[in-house]
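Sequence positions in the sequence shown follow mature numbering (1 follows the signal peptide of the UniProt record, and there is no 0) and run -18 to -1, 1 to 241. One structure is given here, and the rest of the page talks about it.
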Amino acid sequence: MKQWWRWMVLCIAILAVAGCGGTKSDAPQSATWKVGTNATFVPFEYTDESHQLNGFDIELFNAIAKKAGMKVEYKNISFDGLIPALGTKQIDAVISGMTITKARTEKVDFSFPYYQSGLGVLTKDGTAVEDLSELSGKKVAVQLGTTGAEKASEISNIELRSFDNNSEALLELTKGGVDAVIADLPVLQYYLTTKKDSVAKLSVIESKDPEYFGIAVKKGNKEVKDKINSALKELKKDGTLDALYQKYFNQDAPTMPEK
């Protein structure tokens, strides 16, 4: 009788432990967004001295994820590989100083714009460039997959040098391997501010249509897109976006179109 009672107590104890374990494993956990970026785009995304991702885009998306109640796992991917990675579901979103263009909107969906950009030309010899056609006959460096690369491909009779990132393109300019670099204006402005290059000349390329950066998601992924847009609105309203603009660009965030 005592033996039977001991077995009964043991079985109850085992079931109780198993039940507790099941409750723990079934507890809801915070979901994670996998986010692609190309961390060579100072000051938007880069790897700092402690080998951590940093920059305006990184801080912005961390704030977006916090508002949305999500965790973030960043994946450092070559710029021209970011959109394909969305298509194959390796990542859920891209934040990488990516300009919203007609060609890209055919492949991915974008959030509301969060930064107004534009293209610039940096020349080593101090020569101003009023029109891209003036670069004909020159050696020009660009980053693969960028709007700068698209514009450069339209210039006749140039020797086009393509690099994986803008840092390599700018280094080639410094070494005298190319005559000019075409890239996003804020990147070139930041380069001049930090490098104190008194010889290089920055020219702004005028465009009829403003260029905006947006956060890309897989085509048709309305759930993620809506969460990001909702968070962007809240960050503008509570002053977080203005604070990030002040930190990186010494200005408040301008009014952006919601489209």
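We put the beta carbon where it would ideally sit given N, CA and C, even for glycine. In this text the structure is predicted, and so the values were computed from the model without any measurement.
If residue i sits next to residue j, beta carbons under 8 Å apart, how far is it from one beta carbon to the other, in whole angstroms?
i: Asp166; j: Leu101; result: 7 Å
i: residue 312; j: Lys16; result: Look at the range of the chain in this structure, -18 to 241, and you will see that residue 312 is not part of it.
i: Val199; j: Ala75; result: 5 Å
i: Tyr194; j: Gln98; result: 6 Å
i: Gly18; j: Ala67; result: 5 Å
i: Thr14; j: Lys53; result: 4 Å
i: Ala123; j: Val163; result: 5 Å
Would you identify the three-state DSSP class for residue i, choosing helix, strand or coil?
i: Gly4; result: Since pLDDT at Gly4 reaches only 41, below the 50 mark, its modelled position is unreliable, and the value read off the structure follows with that caveat. DSSP places Gly4 in helix when its eight states are reduced to three.
i: Gly63; result: helix
i: Ala75; result: strand
i: Asp234; result: coil
i: Lys200; result: strand
i: Gln171; result: helix
i: Asp91; result: strand
i: Tyr96; result: coil
i: Thr83; result: coil
i: Gln11; result: Legend: pLDDT at Gln11 = 41, less than 50; position of this residue unreliable, value from coordinates given subsequently. It is coil, neither helix nor strand.
i: Thr70; result: coil
Could you please give the first and the last residue of the uninterrupted alpha helix (DSSP H) stretch that includes residue i?
i: Ile187; result: No alpha helix (DSSP H) holds Ile187; the beta strand (DSSP E) holding it covers 183 to 187.
i: Val24; result: No alpha helix (DSSP H) holds Val24; DSSP gives it neither H nor E.
i: Glu55; result: First-last for Glu55: 53 to 58, but that is the beta strand (DSSP E), not the alpha helix (DSSP H).
i: Thr19; result: It is not in any alpha helix (DSSP H) - Thr19 instead sits in the beta strand (DSSP E) that spans 14 to 19.
i: Asp220; result: Element bounds for Asp220: n/a, residue is neither H nor E.
i: Glu41; result: 38 to 50
Since residue i is in the beta strand (DSSP E), which residue starts that stretch and which ends it?
i: Glu193; result: 193 to 195
**Request:** Determine contact between the segment 207 to 214 and the segment 87 to 97, defined as no fewer than three beta-carbon pairs at a distance below 8 Å.
**Result:** The answer is yes - the segment 87 to 97 touches the segment 207 to 214, with three or more Cβ pairs under 8 Å.
**Request:** Ignoring anything shorter than 4 residues or poking outside the segment 100 to 169, list the alpha helix (DSSP H) runs there in chain order.
**Result:** For the segment 100 to 169, whole alpha helix (DSSP H) runs of length 4 or above, ordered along the chain, are 129 to 134, 148 to 157.
**Asked** Is it true that the segment 222 to 230 meets the segment 106 to 113, where meeting means three or more beta-carbon pairs spaced less than 8 Å apart?
**Response** By the Cβ test, the segment 222 to 230 is not in contact with the segment 106 to 113, since fewer than three Cβ pairs between them sit closer than 8 Å.
**Message:** Quick check: the segment 231 to 239 against the segment 53 to 60, are at least 3 beta-carbon pairs closer than 8 Å?
**Reply:** In the pairwise beta carbon analysis, the segment 53 to 60 is classified as not touching the segment 231 to 239: fewer than three pairs are separated by under 8 Å.
**Prompt:** Would you call the segment 217 to 224 and the segment 118 to 133 in contact, with 3 or more CB pairs under 8 Å?
**Reply:** Short answer: they don't touch.
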